[in-house]
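One point on numbering: in this note's numbering, the residue at position 129 of the sequence shown is 132, and numbering is uninterrupted.
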Amino acid sequence: MKHESKTTGWSFDCPLNPGGTPPPGGIVLKNVRHDGHNFAKDIRVIALWLEIERRDASGRATTSFKRVRVLDSSNYFTVSTVRTLEPKEIVQQSPASPGGARPTKKVFKYLKEVDSALYYDKYFSDVQRNHIAYGVAATYDAPDLMAKLAVENCDQAGISIEQIFLFSQYSSHPKHEPSGALPAARFHPFVHYKFIGNQAFDPKRAHTRVKSIRFDYRLHLTIDRHHDVAMNAALKPLQNQAGLFADRDSALHAVYKGGIWYKQREGISEGAFEAVEKPLLFEVWAFGLVKGFPRSLYAVPDPDDEPGMDLRCWDNVHWWGARGGELPSAPGAFHAAHIHWRWGSASHLAASGPPFEPDTWPSDLASKKTGGAIFDFSPLVDPSIFSQTIRVAIVVNSPQLDPDLKRPEDLTEDDWKSLFHPARRPRPFPYGEGEDIVLWYSTEVLQQVAGYAVNLDLGPRDVSLASRDVTHLYRADRQGTVFLHGIFFAHDAEPDPSYVTNFSLGSNEKAYWPRSAVEVATSQRWFRPAE
Numbered sequence: 004m005k006h007e008s009k010t011t012g013w014s015f016d017c018p019l020n021p022g023g024t025p026p027p028g029g030i031v032l033k034n035v036r037h038d039g040h041n042f043a044k045d046i047r048v049i050a051l052w053l054e055i056e057r058r059d060a061s062g063r064a065t066t067s068f069k070r071v072r073v074l075d076s077s078n079y080f081t082v083s084t085v086r087t088l089e090p091k092e093i094v095q096q097s098p099a100s101p102g103g104a105r106p107t108k109k110v111f112k113y114l115k116e117v118d119s120a121l122y123y124d125k126y127f128s129d130v131q132r133n134h135i136a137y138g139v140a141a142t143y144d145a146p147d148l149m150a151k152l153a154v155e156n157c158d159q160a161g162i163s164i165e166q167i168f169l170f171s172q173y174s175s176h177p178k179h180e181p182s183g184a185l186p187a188a189r190f191h192p193f194v195h196y197k198f199i200g201n202q203a204f205d206p207k208r209a210h211t212r213v214k215s216i217r218f219d220y221r222l223h224l225t226i227d228r229h230h231d232v233a234m235n236a237a238l239k240p241l242q243n244q245a246g247l248f249a250d251r252d253s254a255l256h257a258v259y260k261g262g263i264w265y266k267q268r269e270g271i272s273e274g275a276f277e278a279v280e281k282p283l284l285f286e287v288w289a290f291g292l293v294k295g296f297p298r299s300l301y302a303v304p305d306p307d308d309e310p311g312m313d314l315r316c317w318d319n320v321h322w323w324g325a326r327g328g329e330l331p332s333a334p335g336a337f338h339a340a341h342i343h344w345r346w347g348s349a350s351h352l353a354a355s356g357p358p359f360e361p362d363t364w365p366s367d368l369a370s371k372k373t374g375g376a377i378f379d380f381s382p383l384v385d386p387s388i389f390s391q392t393i394r395v396a397i398v399v400n401s402p403q404l405d406p407d408l409k410r411p412e413d414l415t416e417d418d419w420k421s422l423f424h425p426a427r428r429p430r431p432f433p434y435g436e437g438e439d440i441v442l443w444y445s446t447e448v449l450q451q452v453a454g455y456a457v458n459l460d461l462g463p464r465d466v467s468l469a470s471r472d473v474t475h476l477y478r479a480d481r482q483g484t485v486f487l488h489g490i491f492f493a494h495d496a497e498p499d500p501s502y503v504t505n506f507s508l509g510s511n512e513k514a515y516w517p518r519s520a521v522e523v524a525t526s527q528r529w530f531r532p533a534e
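This is the structure in structure tokens:
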């Protein structure tokens, strides 16, 4: 089914089963464009995973196991038809005009998903506060899923899931990034889930509990080589490139680096990013968050955690069309897809408040000296389920991982990274000059996480070392929404740097630190954390 929204500028194909239900795996979007600019070939959720923990009558955890489910009726879900979402016009309760008519306003109830967590409703509104949005949605209900899976005496009986894929208009208000200089249109592929409690659950007997729920996405982003649609049509496509970035969490460092090289764009980039690979030289998989934190050492490790988990996670991905040697600015990237699940505290030099300072962490994770008011390091996730582990992989497209050729069940693994490494190849494939690449994104919500009391005054490296004896147990709600941060898509020309007089425009050169390009090329590792 073809969708075209004149109010937002987005268009896409949404293939359906006979009867109007989504294909196995859920909603699929193809040939996604904004105002004629290519954005993606294919976007979909592949599958969800449940990790179930066995406990004895005393409550002690013994073993755990995983079950994969595809959003489809063959996997015990009752599936709705795909419906179109648009704002509805309502009559306001204000006095009628002299002509007798009451004023109207357009409202969009689905914005509650973002409004409650990150106050994103402004991205979908005009200056009169009329909602301007477009979307598609479908629901999947499995109220007795655990019984169907033969999971006995579980704390949850089943689950209800709703996919809500939302699109916004092109605008620079409110800010998409701290400087406010970048206009963009937004895309939010939400998945909202709600566990259904088991009324017969008996914790005094041997029982099971849901330990985590994980959603695996595949996003085949495809950005044009040139920002001008007509000019792009005359150019030979050079495939795509991407970069990984970790933001500075030291405002002082950002001021110093940006200040000593003021008007030198390399200094702006150095001040903004703690780590960067731009463009990526090889395929990669990495962490975006570990248990809700940008550094793995903020969380108390579990016995089954992977070794060497004291690492810094990446904060965002930029994705652009290869340009034959030219690169977008960073910060900046005026013709690129931006995927930010966290902003570093250095961004507060230019902006504060949501989405750059979201209240997503519990208050006791903030500094006691400030009365629990600092949230500089918190991610752009639903506060009710902040304990998320985000994993990303950027890999070369191949028939072996093509959802049009393979079943969803064959495109996911219980150990998520093993879909790419070492199963595909022991060494990552090089694609520095441009390649047909795909973003695989996975977010896992842990139902319970132990975190250290974080004293942000001590700085990001020393934060857990000063308070590792103080731990807190955090439990996720039974319901929440993932991929709240979404993607914003800009398709304009890079500004003339001679007219840029602030800290908003970074370098358009290649950038690699603290791991050099030589080190990346020599080691050829799949797993590359920020540091």
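Every residue gets a Cβ at the ideal spot worked out from N, C-alpha and C, and that includes glycine.
Counting only the Cα atoms, N133 lies some 48 Å from P431. Between A245 and P334 the beta-carbon gap is near 16 Å, outside 8 Å, which marks them as no contact. Considering only R481, A141, H223, the residue with the shortest C-alpha distance to I216 is R481.
As DSSP reads the structure, Q244 sits in a beta bridge with W323.
The beta carbon of L476 sits closer than 6 Å to those of A453, all from its chain and outside the five residues before and after it, given in chain order.
When the five nearest sequence neighbours on each side are left out, the beta carbons in the same chain lying within less than 7 Å of the beta carbon of G138 are those of L88, Y113, I167, F168, L169, F170, in order along the chain. For N34, the enclosing beta strand (DSSP E) begins and ends at 31–37.
In this model, R315 and I135 are separated by some 38 Å (Cα to Cα). The residues W52, K69, V71, in chain order, have a CB closer than 8 Å to that of D417 in the same chain once the five nearest residues on each side in sequence are set aside. Distance from the Cα of T392 is smallest, within the candidate group L508, V441, W317, for W317. Take A50, set aside five residues on each side of it, and the residues of its chain with a beta-carbon closer than 6 Å to its own are V71, V73, D219, P411, T415, in chain order. Residue pairing for D250: DSSP places it in a beta bridge opposite F276.
H176 and K239 have their C-alpha atoms roughly 34 Å apart. Per DSSP, the continuous alpha helix (DSSP H) segment holding V523 begins and ends at 520–526. Per the C-alpha coordinates, the member of E534, R528, A524, F492 positioned closest to H191 is F492. Contact annotation: the segment 394–403 does not touch the segment 196–211, with fewer than three C-beta pairs closer than 8 Å. Here F359 is near S350, since their CB atoms are less than 8 Å apart. Under a 10 Å Cβ-count criterion, S61 is classified as exposed, with fewer than 16 other Cβ atoms of the shown protein chains found around its own Cβ.
Put simply, of N78, A184, V441 the residue whose alpha carbon is nearest the alpha carbon of P146 is N78.
In this structure, the straight-line span from the alpha carbon of H37 to that of R428 is close to 35 Å. A distance of 8 Å or more separates the beta carbons of K109 and K125. Distance between R326 and I46, taken at the CA atoms: about 24 Å. In this chain, the beta strand (DSSP E) harbouring L222 covers 210–224.
DSSP places D129 outside both helix and strand once states are collapsed to three, so it counts as coil. Judged by DSSP secondary structure, L449 falls within the beta strand (DSSP E) whose first and last residues are 440–449.
A direct Cα-to-Cα measurement between P27 and D75 gives close to 5 Å. Rounded to the nearest whole angstrom, the CA to CA distance from W419 to V521 is 28 Å. Under the three-state reduction of DSSP, A150 is assigned to helix. A residue is called buried once 16 or more other Cβ atoms fall within 10 Å of its Cβ, and R63, having fewer, is exposed. Residue burial is scored here from C-beta neighbours: D158 has at least 16 other C-beta atoms within 10 angstroms and is therefore classed as buried. Burial check for A496: the Cβ neighbour count within 10 Å stays below 16, so the residue is exposed.
The beta-carbon distance between W288 and R189, rounded to whole angstroms, is 26 Å. This is too long to meet the 8 Å contact definition. Shortest Cα-Cα distance from M4 to any of V35, G12, T10, T11 involves V35. Our two residues, A160 and V213, have alpha carbons roughly 10 Å apart in a direct line.
Runs of beta strand (DSSP E) with 3 or more residues, each lying fully within the segment 38–77, are found at 40–58, 64–72, listed in chain order.
Put simply, the backbone Cα of S299 is about 12 Å away from that of A533.
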